[in-house]
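Residue numbers (my numbering), protein chains in the order written: chain A, 3 to 476; chain B, 328 to 541.
Every residue, glycine too, gets a C-beta built ideally from N, C-alpha and C.
Here the structure is a predicted model, which is why all the values come from computation and not from measurement.
Working notes for the structure below.
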Amino acid sequence: MRSSEPIIHIDPELCTGCRRCAAVCPVDAIIGEPGRPQEVDAHRCVICGQCVQICTAYAPDHLEPADGLKAKRLQRGQLPSVREPLFAAYSTGQALGVKRALADSALYKVVQCAPAIRVSLAEEFGLPLGTLTPGKMAAALRRLKFDRIYDTNFGADVTIMEEGTELIGRVMSGERLPMFTSCCPAWVKHAETAAPELLDHLSSCKSPMQMVGALVKTYGAKQDGVDPAKIYSVAVMPCTCKEFECSREEMEVDGLREVDVVITTRELAHLIKDAGIDFMNLPDESFDSPLGLYSGAGSIFGVTGGVMEAAIRTGYELVTHETIPNLQLDFVRGEEGLRTATVQLGELELKVAVVAGLKYVSAILNQVKAGQCPYHFIEVMGCPEGCVSGGGQPKLLLETMRKSAYQARKSSVYRHDSHQQVRKSHENPAIIKLYKDFLGEPLGHVPHHLLHTTYQSREKAVSPISAGREGGRI
Amino acid sequence: MNHASSNSLVIAEAAKCIGCKACELACFAVHNRDNGVGTAVGTVTMPVLPRLYVIRTDSFTMPVQCRQCENAPCAGACPVQAIRQQDGVIAIDAEACIGCKACALACPFGAISLYKAYSGGAELPQPLLQERRDSKLQRKTRITAYKCDLCRNTEIPGGSAAGGDAGGRGASAAAAQDRNPYPACVAVCPEKALQLVEVGTGSSRSLNREGVIF
Ligand code: SF4
Ligand code: SF4
Ligand code: SF4
Ligand code: SF4
Numbered sequence: 003m004r005s006s007e008p009i010i011h012i013d014p015e016l017c018t019g020c021r022r023c024a025a026v027c028p029v030d031a032i033i034g035e036p037g038r039p040q041e042v043d044a045h046r047c048v049i050c051g052q053c054v055q056i057c058t059a060y061a062p063d064h065l066e067p068a069d070g071l072k073a074k075r076l077q078r079g080q081l082p083s084v085r086e087p088l089f090a091a092y093s094t095g096q097a098l099g100v101k102r103a104l105a106d107s108a109l110y111k112v113v114q115c116a117p118a119i120r121v122s123l124a125e126e127f128g129l130p131l132g133t134l135t136p137g138k139m140a141a142a143l144r145r146l147k148f149d150r151i152y153d154t155n156f157g158a159d160v161t162i163m164e165e166g167t168e169l170i171g172r173v174m175s176g177e178r179l180p181m182f183t184s185c186c187p188a189w190v191k192h193a194e195t196a197a198p199e200l201l202d203h204l205s206s207c208k209s210p211m212q213m214v215g216a217l218v219k220t221y222g223a224k225q226d227g228v229d230p231a232k233i234y235s236v237a238v239m240p241c242t243c244k245e246f247e248c249s250r251e252e253m254e255v256d257g258l259r260e261v262d263v264v265i266t267t268r269e270l271a272h273l274i275k276d277a278g279i280d281f282m283n284l285p286d287e288s289f290d291s292p293l294g295l296y297s298g299a300g301s302i303f304g305v306t307g308g309v310m311e312a313a314i315r316t317g318y319e320l321v322t323h324e325t326i327p328n329l330q331l332d333f334v335r336g337e338e339g340l341r342t343a344t345v346q347l348g349e350l351e352l353k354v355a356v357v358a359g360l361k362y363v364s365a366i367l368n369q370v371k372a373g374q375c376p377y378h379f380i381e382v383m384g385c386p387e388g389c390v391s392g393g394g395q396p397k398l399l400l401e402t403m404r405k406s407a408y409q410a411r412k413s414s415v416y417r418h419d420s421h422q423q424v425r426k427s428h429e430n431p432a433i434i435k436l437y438k439d440f441l442g443e444p445l446g447h448v449p450h451h452l453l454h455t456t457y458q459s460r461e462k463a464v465s466p467i468s469a470g471r472e473g474g475r476i
Numbered sequence: 328m329n330h331a332s333s334n335s336l337v338i339a340e341a342a343k344c345i346g347c348k349a350c351e352l353a354c355f356a357v358h359n360r361d362n363g364v365g366t367a368v369g370t371v372t373m374p375v376l377p378r379l380y381v382i383r384t385d386s387f388t389m390p391v392q393c394r395q396c397e398n399a400p401c402a403g404a405c406p407v408q409a410i411r412q413q414d415g416v417i418a419i420d421a422e423a424c425i426g427c428k429a430c431a432l433a434c435p436f437g438a439i440s441l442y443k444a445y446s447g448g449a450e451l452p453q454p455l456l457q458e459r460r461d462s463k464l465q466r467k468t469r470i471t472a473y474k475c476d477l478c479r480n481t482e483i484p485g486g487s488a489a490g491g492d493a494g495g496r497g498a499s500a501a502a503a504q505d506r507n508p509y510p511a512c513v514a515v516c517p518e519k520a521l522q523l524v525e526v527g528t529g530s531s532r533s534l535n536r537e538g539v540i541f
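Laid out in structure tokens, this is it:
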């Protein structure tokens, strides 16, 4: 099974042992002596890909035999047409398989794109940092011969409906508080590894990606009149951990994988270039309905604080039955590793916290273990600024650009939200219709079957060193 | 012309360098904007060709690059005068370079390398020579010498802001109008192992020595 293969690797031939990757790894999964090739402890690694983003040790291709580089690309799952340099820390890709499937006319190819792809994809084509291109992205996916262009943002809206209802239920009953978000697979894996006793504090919601996956092969298949078994469901993600998530055993609907394969932003760019598509001159095209229609709330899932902001926009109105006075919730925006706020929802004083970057979560986990955590709802994102800074996002050539890259991608996400006509998940007409025609009530029987999941303890049996070997080499 | 003024240079402190090669990558990136090299790795369609090299021994790593020698031996060796002293930098005119390797042999530091020339991200053909490749006669790729030019005529995006005081004493504006005060390698080094050193702009010899010798 795919999920047992490690996704993050360090190439011992290229690693210089500078250990900058170890400095950004939030879970101390990188093991080794300075100046020697490093290894990844696959058990601890949360597959966030931050090491992949920071590593600057590249293969000096003019000095190496071309065959060696070719073999390395193949080993990494890269298309042979890729020209960019190879770095020591890398994630294995799935573009080869996706290219093959796209040429298979017997398959019904469906794709979804995470909120953070449209603000970063253009960087791979030399456009300025954070350039917003949802229309070109949809057009490129259509040129790649996907039959349906859907959107993870739609799943984000569904997540708000389910998670918001779950939260209100838990706050009212006082049970299993605080409730943690479960959209970030790196965070979920970390919780399963480092705090298995707290797993029932995680929302039972699947991530937006898996929700869309489940809906594509049920609701979407029905709408399009196709056999779910013929659907090949691809997700384009800013995150190297999403491939791990889609391979989890429990992510199945009626015996079919919800998401068949995940590619990263960088791999989508490789596929576009490989197909000879002139990205810069593509027209703006739209997403397909129904699973491609999203609200502004869905699109801000790409930044830290976004899930919280989207949840509050809907939660406020569900609890108070009044219109929320201000849609821009500045108190959850920002870049600090931990932000907290108190939100007045009618009578209810909701205490929330936003964690950006896994290294900030251990203090909170300790508080919860000690029964002293004051918050009701906690958003956790593994990467330092949320998915805009994910491990599958365009990698920067200059470290000096990191801050401005994240800033530009973030403001692009917020701009996208502010230009949407519908900015609250529960007001998205496609969501209203989905619940009316198919899902019924949030947390009801059908949503429970399709959209919710359980977690597993990954408490350690193997020794870290042997796991490191298994993770570090191929 | 001020007689006391000498060429600036970038020097590395081996004790600080961790061998990450960020300096090499940054050097390549800022010198190849014409080759379509943007901010993201995905924009690169050519080999990474830096103008400084991180060398590695058993006990240390550190980058080596051009010392901007006052009596540059490379310039003396160049048969076509492609190497000139310009605005406080020893610079190679890539178009004039005939790829003869004399400079590379003359440099006592190994700071010059010869590689294929690129234009628009693709190999630049040599106008006259042909060679047999894939059993066909094809135009040979142009070869040219590359060396550190202190990021002359380049822009370092985010460089000065993020570099902070990383540039050591920084360049005096008068000495180098078109030279970036923070060469790309200096700006990106996470360990601040690199420093742009201005020699001869101070008032005393001891200051000069301090700048050059650690
Ligand atoms: S993987 Fe990259 S960042 Fe990590 S130690 Fe090796 S060279 Fe340095
Ligand atoms: S993927 Fe993330 S968790 Fe795994 S080694 Fe890299 S930085 Fe650490
Ligand atoms: S960037 Fe700094 S630490 Fe890294 S190799 Fe260059 S000089 Fe050494
Ligand atoms: S290339 Fe070598 S010889 Fe020429 S100026 Fe630089 S260090 Fe001196």
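Item                                                                                                                              : Value
Cβ separation of A:Val263 and A:Val100, assumed to be a contact under 8 angstroms, to the nearest whole Å                         : 6 angstroms
Endpoints, the beta strand (DSSP E) within which A:Leu264 is located                                                              : Note that residue 264 of chain A is Val in the sequence shown, not Leu. Note, A:Val264: beta strand (DSSP E), 263-266.
contact_flag[the segment 85-102 of chain A, the segment 214-232 of chain A] where n(CB pairs < 8 angstroms) is 3 or more          : no
B:Ser335 and B:Gln395 closer than 8 angstroms at C-beta                                                                           : yes
Residues of its chain near A:Ala237, where Cβ-Cβ distance is below 6 angstroms and the 5 sequence neighbours each way are ignored : Gln114, Met211, Val261, Val264
CB contact flag (A:Glu177, A:Pro444, <8 angstroms)                                                                                : no
Cross-chain neighbours of B:Val524 in chain A, by beta carbon under 9 angstroms                                                   : The contacting residues do not exist; B:Val524 stays about 20 angstroms from chain A at best.
A:Arg250, buried or exposed, once every other Cβ within 10 Å from all chains shown has been counted against 16                    : buried
First through last residue of the alpha helix (DSSP H) which encompasses A:Glu319                                                 : 308-322
heavy atom of ligand 1 below 7 angstroms from A:Cys23 C-beta                                                                      : yes
Beta-carbon separation (whole angstroms), A:Arg425 vs A:Asp419, contact threshold 8 angstroms                                     : 6 angstroms
Euclidean distance between Cα positions of A:Glu254 and A:Gln458                                                                  : 16 angstroms
Classification of A:Glu461 by the beta-carbon crowding that lies within 10 angstroms, buried from 16 upward                       : exposed
Own chain partners of A:Arg287 with C-beta closer than 7 angstroms, once the 5 adjacent residues on each side are dropped         : The residue you asked about is not Arg; residue 287 of chain A is Glu in the sequence shown. These residues qualify, in order along the chain: Gly137, Ala140, Ala141, Arg144.
Delimiting residues of the beta strand (DSSP E) encompassing A:His11                                                              : 10-12
Under the three-state DSSP convention, the category B:Ala493 falls into                                                           : Interpretation of B:Ala493 is limited by its pLDDT of 35, a score under 50 that renders its predicted location unreliable; the figure taken from the coordinates is listed afterwards. Three-state result, B:Ala493: helix.
Cβ-Cβ distance between A:Thr161 and A:Val382 below 8 angstroms                                                                    : no
8 angstroms CB neighbourhood of A:Leu350 in its chain, flanking five on each side removed                                         : Val173, Val321
B:Lys348 Cβ short of 7 angstroms to ligand 3 heavy atom set                                                                       : yes
Inter-residue spacing [alpha-carbon to alpha-carbon] between A:Tyr397 and A:Gln55                                                 : Note on identity: in this sequence residue 397 of chain A is Lys, with Tyr being the wrong assignment. Taking the straight line from one Cα to the other gives about 6 angstroms.
Below-8 angstroms beta-carbon distance, B:Gly426 vs any chain A residue                                                           : no
Per-residue DSSP class, three states only, for B:Arg506                                                                           : Only weak support is given to the placement of B:Arg506: the predicted model assigns it a pLDDT of 48, under 50, and the question is left unresolved by the model.
Own chain residues within Cβ distance below 8 angstroms of A:Pro36, not counting five before or after                             : Gly19, Cys20, Arg21
A:His45 to A:Thr195 span [Cα, whole Å]                                                                                            : 8 angstroms
Residues near B:Lys463 by beta carbon distance below 7 angstroms, same chain, minus five either side                              : none
Residues of its chain near A:Glu252, where Cβ-Cβ distance is below 7 angstroms and the 5 sequence neighbours each way are ignored : Thr455, Thr456
Bridge-paired residues (DSSP) for B:Thr388                                                                                        : B:Arg383
Distance cut-off 7 angstroms: A:Ala31 Cβ against heavy atoms of ligand 2                                                          : yes
Bridge-paired residues (DSSP) for A:Cys115                                                                                        : A:Asp153, A:Val238
Among A:Leu436, A:Pro67, A:Leu200, the one whose alpha carbon lies nearest that of A:Gly373                                       : A:Leu200
Near-chain A residues of the segment 336-352 of chain B - C-beta to any C-beta below 7 angstroms                                  : Ile345, Gly346, Cys347, Lys348, Ala349, Leu352
Given 8 angstroms, three or more beta-carbon pairs between the segment 226-244 of chain A and the segment 383-397 of chain A      : yes
Check whether A:Leu340 and A:Glu311 have beta carbons under 8 angstroms apart                                                     : no
Distance, A:Leu146 Cα to A:Ala103 Cα                                                                                              : 11 angstroms
Where B:Gln453 sits in the DSSP three-state scheme                                                                                : strand
Selected residue, minimal CA-CA separation from A:Gly51, among A:Met403, A:Cys389, A:Gly215, A:His421                             : A:Cys389
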